[in-house]
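>
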Amino acid sequence: MSADRDFELHSGFVAPKGVWWRPAGRQERVWVAIAFVWCLVLFAMMPFWHFKGGQNPSGIRARVAPQDYVARTLRFVEEYKVGEENGQPIVAPPPGADVYLLARMWSWYPALRLQEGASYTLHLSSMDVNHGFSLYPANINFQVVPGYDYGLTIQPNQPGEYRIVCNEFCGINHHAMLGSIVVEPAARVAAAAARPFTVQGSSR
Amino acid sequence: MSVADLAAPQGAVWRLAARVCPVTKLVVNRHSERLVMWNAVAAVVFFLVGAVGALLLALTRWQAVHLLSPAWYYRILTLHGLDMLIFFIIFFEMAILYFAGPVMLNSRQPAPRTAWTGFALMLVGALMVNVMVLAGKADVLFTSYVPLKAHPLYYLGIIFFAVGALVATLLFFASMVVAKREKSYEGSVPLVTFGALTAAIIAVITLLHGAAIYIPTFVWSLDESWLRVDPQVYRMVFWGLGHSSQQINVAAMVGVWYLMGALTIGSVVVNEKISRWAFVLYVLFISMASAHHLLVDPGMGPAWKVWNTSYAMYLAVLASMIHGFTVPAGMEMGMRLRGYTKGRFEWLRRAPWSDPGFSGTFLSIVIFGFMGGITGVTQGTEQINIIVHNTLRVPGHFHSTVVGGTALAFMALTYYVIPLVFKKRVAFWRLARWQPYLFAIGIATLSMSMTFAGSFGVPRRHADITFPGAPFTLEFPSAVDLFMAGVGIGGVLAASAVFLFVAIAVVSVFFGKPLDLDNARPDTPGIPQGVYRLPPQLHRHEAATVAHREGAPGTVVLVAVFLAVFILYYFTNWKILSMIWKIG
Numbered sequence: 004m005s006a007d008r009d010f011e012l013h014s015g016f017v018a019p020k021g022v023w024w025r026p027a028g029r030q031e032r033v034w035v036a037i038a039f040v041w042c043l044v045l046f047a048m049m050p051f052w053h054f055k056g057g058q059n060p061s062g063i064r065a066r067v068a069p070q071d072y073v074a075r076t077l078r079f080v081e082e083y084k085v086g087e088e089n090g091q092p093i094v095a096p097p098p099g100a101d102v103y104l105l106a107r108m109w110s111w112y113p114a115l116r117l118q119e120g121a122s123y124t125l126h127l128s129s130m131d132v133n134h135g136f137s138l139y140p141a142n143i144n145f146q147v148v149p150g151y152d153y154g155l156t157i158q159p160n161q162p163g164e165y166r167i168v169c170n171e172f173c174g175i176n177h178h179a180m181l182g183s184i185v186v187e188p189a190a191r192v193a194a195a196a197a198r199p200f201t202v203q204g205s206s207r
Numbered sequence: 029m030s031v032a033d034l035a036a037p038q039g040a041v042w043r044l045a046a047r048v049c050p051v052t053k054l055v056v057n058r059h060s061e062r063l064v065m066w067n068a069v070a071a072v073v074f075f076l077v078g079a080v081g082a083l084l085l086a087l088t089r090w091q092a093v094h095l096l097s098p099a100w101y102y103r104i105l106t107l108h109g110l111d112m113l114i115f116f117i118i119f120f121e122m123a124i125l126y127f128a129g130p131v132m133l134n135s136r137q138p139a140p141r142t143a144w145t146g147f148a149l150m151l152v153g154a155l156m157v158n159v160m161v162l163a164g165k166a167d168v169l170f171t172s173y174v175p176l177k178a179h180p181l182y183y184l185g186i187i188f189f190a191v192g193a194l195v196a197t198l199l200f201f202a203s204m205v206v207a208k209r210e211k212s213y214e215g216s217v218p219l220v221t222f223g224a225l226t227a228a229i230i231a232v233i234t235l236l237h238g239a240a241i242y243i244p245t246f247v248w249s250l251d252e253s254w255l256r257v258d259p260q261v262y263r264m265v266f267w268g269l270g271h272s273s274q275q276i277n278v279a280a281m282v283g284v285w286y287l288m289g290a291l292t293i294g295s296v297v298v299n300e301k302i303s304r305w306a307f308v309l310y311v312l313f314i315s316m317a318s319a320h321h322l323l324v325d326p327g328m329g330p331a332w333k334v335w336n337t338s339y340a341m342y343l344a345v346l347a348s349m350i351h352g353f354t355v356p357a358g359m360e361m362g363m364r365l366r367g368y369t370k371g372r373f374e375w376l377r378r379a380p381w382s383d384p385g386f387s388g389t390f391l392s393i394v395i396f397g398f399m400g401g402i403t404g405v406t407q408g409t410e411q412i413n414i415i416v417h418n419t420l421r422v423p424g425h426f427h428s429t430v431v432g433g434t435a436l437a438f439m440a441l442t443y444y445v446i447p448l449v450f451k452k453r454v455a456f457w458r459l460a461r462w463q464p465y466l467f468a469i470g471i472a473t474l475s476m477s478m479t480f481a482g483s484f485g486v487p488r489r490h491a492d493i494t495f496p497g498a499p500f501t502l503e504f505p506s507a508v509d510l511f512m513a514g515v516g517i518g519g520v521l522a523a524s525a526v527f528l529f530v531a532i533a534v535v536s537v538f539f540g541k542p543l544d545l546d547n548a549r550p551d552t553p554g555i556p557q558g559v560y561r562l563p564p565q566l567h568r569h570e571a572a573t574v575a576h577r578e579g580a581p582g583t584v585v586l587v588a589v590f591l592a593v594f595i596l597y598y599f600t601n602w603k604i605l606s607m608i609w610k611i612g
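In the order they appear, the protein sequences are chains U and G. To get our numbering, take the position in the first sequence, counting from 1, and add 3. To get our numbering, take the position in the second sequence, counting from 1, and add 28.
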């Protein structure tokens, strides 16, 4: 082949002369095809999870003036407060409720008590700077931005004591910003509701 | 490619002062050479400051040592981020642009005075930022998310630096026009220059985002009543600078891979069309990655997140996967053309592993691809980001891309810049041969430890994960202590390797022995083997045809392993995600 006779291979250091727009070799073609298919899989997984998966960061998103969000949180605390711990109100909203969590320098307000298996709409916002909602040990993380209300539907699947770590730098005391969520077991909740009949069972 | 072949264009006085590189035969004009030198020196200085910061930070997050107070931890973290991610790396990239433009195209430096003005602006800006941060006037971290506020001079410093870098970038475009018009090269620009062009275009996109966010923020910092900066808008536009600047690194680093492959072992370009297309894909799509930081933010909806985080269906990932094949395949074919044809891997076994230029480059490819690339794509998936955002997994990822990948590639390049540009032998040669390995082990330990600790929900940017003074208690499992010790030890190793590198570079440049290739032997210390004898850069006829037909059977195995690891890691993360609370 005459094309072969003047075929050349050069380094990336050399300015290629003439026509270098040549068909790729077989290995390269196959690799590009495989890589492209893999990229399509990577892409398709995200919409797929929106339809079939249980964890999506969509939520209800809206602008909110910080003072309005504070007012909503205070109203929420007043309505469902069940006690106090370390000077923080403990709030136990019923299943299905809108739950308001306020981030501020340097605390999460209020402490929450939720029920295993129940659904809530958890609202997150800040009254000062950016904060990061990081739920330990579930490792669930969301950005908390002042002026924005992020309303996420959540359904706790494990009872226990959870901590809210702030994982966005928010000033000098950032590392002391810790909140609390207690998730009560579904069995106990069901038992409490059905106490007269002393029925054991799960409401799951 | 020699000078004599080139018809001197009119007014080409600059050629009288230019020299011809004895190794590469490039015509090196004096202005560009000095600009390369001084940008490289500035880069190394900020690299050193950033590495001192790295050492202090690693020794703080190593909970058993816990060196710094919270105030100084956040201050040094701010300094480390800016000196490494912005100043070190962009100074070095400007050096690359001054080399890949006028020098590689055998041309002159357009507007040298303007170039020096740009350099001065960058230097003044970087110094302003360093002074402000160390004075405690800007404890806002690298991101300076509003409404956290720094001193106005901090923002002004970054603006100065960005304008200076923009000047240098525009002069790179100018040098390409000048070289073309004055016909200083024949054919198309080399692939390395094409890669640098890609980096330069991304740099312009990046720096415009920088202007769009830092100028309003600067005004706001002077007086809040003049202008309001929305915190969510800030986050979006800021990451147009913050993330895209890392994409300059990717493009420049891939260009350096091609360059170092050529200089050390005579890598060939497997196919110009494919490699250049991959660079074009970077230009078109890579800047969308700003979205990686906003996946669990309240300001954007799912469609925006899915489209942008995936660079429009992962076309920039496709580009990286293409380079991930063509770079090692080019190395393999280059080695095979030099006679290392036995089996699938003789080319790899017999590669010059004691040449820090080669070992650094190859380790950079491995760390960037296997650790940085795979973790990055996985963490940048919209839903998986829920179990990643702002945990230590994030710095675990980018320390394997921008440090294990880009910084290591730039260090490897420096081992060739010292003899070729500064015309000095590399000092402490025996130590220099080990330096890339020490650095790679350190940074790989650091990155993996961060990634594992982050999987337990350990936050990044956090002065004390024992939470003193908090209203509640939290104790991480003891495995986390082990990983945080890994962060400390890996950080100490990597920082030591950087100090060694800086010592080698400074002693070579300012006190080193002259290169003197005429009296050199293959075992003369301080002369990398590719400088002693440049491997052939051009193969013709039968040999080229055979090499092209046989391809790169060893690389095929390497990329197959890579893909298998990628798939496994990716779907493991989906599995872990599916086990947490239902969220919607």
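In this text, a Cβ means the ideal position worked out from N, Cα and C, and glycines have one as well.
What does a CB cutoff of less than 6 Å around residue 137/G pick up in its chain, not counting 5 residues either side in sequence?
Excluding sequence neighbours, residue 137/G sits near 57, 59, 60, 130.
> Using a C-beta cutoff of 8 Å, does residue 21/U count as contacting chain C?
This model lacks chain C altogether; the protein chains it does include are U and G.
> Enumerated in chain order, which unbroken segments of the alpha helix (DSSP H) with a length of 4 residues or greater are wholly contained in the segment 4-56 of chain U?
Taking only runs of at least 4 residues, the alpha helix (DSSP H) segments lying wholly in the segment 4-56 of chain U are 5-8, 29-55.
> Can you tell me which of 411/G, 586/G, 332/G puts its alpha carbon nearest to the alpha carbon of residue 53/U?
Residue 411/G is the option with its Cα nearest to residue 53/U.
> Checking the sheet assignment: what are the DSSP bridge partners for residue 146/U?
135/U.
> If you measure between the beta carbons of residue 447/G and residue 15/U, is that distance less than 8 Å?
Result no, Cβ atoms of residue 447/G and residue 15/U do not sit closer than 8 Å.
> If we cut at 8 Å on Cβ distances, does residue 17/U have a partner in chain G?
It does: the Cβ of residue 17/U has a partner Cβ on chain G nearer than 8 Å.
> Under a three-way DSSP split, which group does residue 498/G fall into?
Coil at residue 498/G, not helix or strand.
> Measuring only between beta-carbons, confirm whether residue 152/U sits less than 8 Å from chain G.
Residue 152/U counts as touching chain G.
> Which residues, taken in chain order from the segment 31-58 of chain U, show a beta carbon closer than 8 Å to some beta carbon of chain G?
Cβ contacts with chain G: 31, 34, 35, 37, 38, 39, 41, 42, 43, 45, 46, 48, 49, 50, 52, 53, 56, 57, 58.
> Taking only beta-carbon atoms, is residue 82/U less than 8 Å away from chain G?
Output row for residue 82/U: interface = no.
> Short of 7 Å Cβ to Cβ, which residues in the segment 562-584 of chain G face chain U?
Flagged, chain order: 565, 566, 567, 568, 569, 572, 573, 575, 576, 579, 580, 584.
> Within the segment 56-115 of chain G, note down every full alpha helix (DSSP H) run reaching 4 residues or more, in order along the chain.
Listed in chain order, they are 58-89, 98-109.
> Kindly provide the ranges of any alpha helix (DSSP H) runs that are 4 or more residues long and lie completely inside the segment 46-125 of chain U, ordered along the chain.
DSSP runs (the alpha helix (DSSP H)) wholly in the segment 46-125 of chain U: 69-83.
> Alpha carbons only, please: which of 262/G, 413/G, 364/G, 388/G is nearest the one belonging to residue 337/G?
The residue with the shortest Cα to Cα distance from residue 337/G is 413/G.
> Tell me where the beta strand (DSSP E) around residue 158/U begins and ends.
Counting along the chain, the beta strand (DSSP E) containing residue 158/U begins and ends at 151-158.
> Can you confirm whether the segment 316-325 of chain G touches the segment 41-50 of chain U when touching is taken to mean that 3 or more C-beta pairs between the two stretches lie within less than 8 Å?
With a cut-off of 8 Å, the segment 316-325 of chain G and the segment 41-50 of chain U do not count as touching, because too few Cβ pairs lie within range.
> Can you have a look at residue 505/G and say buried or exposed, based on whether 16 or more other CB atoms are within 10 angstroms of its CB?
Looking at its Cβ environment, which holds fewer than 16 other Cβ atoms inside 10 Å, residue 505/G is exposed.
> Please name the residue or residues paired with residue 182/U in a DSSP beta bridge.
Looking at the DSSP assignment, residue 182/U forms a beta bridge with 167/U.
> Can you give me, in chain order, the residues of the segment 589-611 of chain G that have a beta carbon less than 8 Å from any beta carbon in chain U?
Going along the segment 589-611 of chain G in chain order, one finds 591, 594, 595, 598, 602, 605, 606, 608, 609, 610, 611 with a Cβ nearer than 8 Å to chain U.
> Got a sec: is the Cβ-Cβ distance from residue 72/U to anything in chain G below 8 Å?
So no, residue 72/U is outside the interface.
> By DSSP, does residue 451/G sit in helix, in strand, or in coil?
Coil at residue 451/G, not helix or strand.
> So, does the CB of residue 187/U fall closer than 8 Å to a CB anywhere in chain G?
So no, residue 187/U is outside the interface.
> Where DSSP assigns a beta bridge to residue 596/G, which residues make up the other side?
DSSP lists no partner for residue 596/G.
> Based on Cα-Cα distance, which residue from 611/G, 539/G, 435/G lies nearest to residue 74/G?
It is 435/G whose Cα lies nearest to the Cα of residue 74/G.
> What residues in the segment 315-328 of chain G bring their beta carbon closer than 7 Å to a beta carbon of chain U?
Hits within the stretch, in order: 323, 324, 325, 326, 327.
> Between residue 555/G and residue 455/G, how many whole angstroms is the CB-CB distance? I'm expecting something under 8 Å.
The pair is not a contact, with the Cβ atoms about 12 Å apart (cut-off 8 Å).
> Skipping 5 residues on each side, what residues in its chain have a beta carbon closer than 6 Å to that of residue 188/U?
Cβ within range, chain order: 119, 162.
> With distances taken from CA atoms, which of 610/G, 268/G, 526/G is nearest residue 80/G?
Out of 610/G, 268/G, 526/G, 526/G has the C-alpha closest to the C-alpha of residue 80/G.
> Who pairs with residue 419/G in a beta bridge, going by DSSP?
DSSP output for residue 419/G lists 487/G as bridge partner(s).
> For the pair the segment 348-360 of chain G and the segment 580-587 of chain G, tell me if three or more CB-CB distances fall below 8 Å.
At 8 Å Cβ cutoff, the stretches touch.
> Among 146/U, 30/U, 97/U, 133/U, whose alpha-carbon lies nearest the alpha-carbon of residue 124/U?
Selected option, being the one with the closest Cα: 97/U.
> Figure out for me which residue from 405/G, 89/G, 309/G, 202/G has the closest Cα to the Cα of residue 142/G.
The option with the nearest alpha carbon to residue 142/G is 202/G.
> Could you tell me which of 397/G, 62/G, 63/G, 109/G sits nearest to residue 85/G, measuring between CA atoms?
Of the candidates 397/G, 62/G, 63/G, 109/G, the one whose C-alpha sits nearest the C-alpha of residue 85/G is 109/G.
> Against chain G, with Cβ distances strictly below 8 Å, would residue 119/U count as a contact?
No, residue 119/U does not count as interfacial toward chain G.
> Out of 367/G, 306/G, 294/G, state which residue places its alpha-carbon closest to the alpha-carbon of residue 386/G.
Of the candidates 367/G, 306/G, 294/G, the one whose C-alpha sits nearest the C-alpha of residue 386/G is 294/G.
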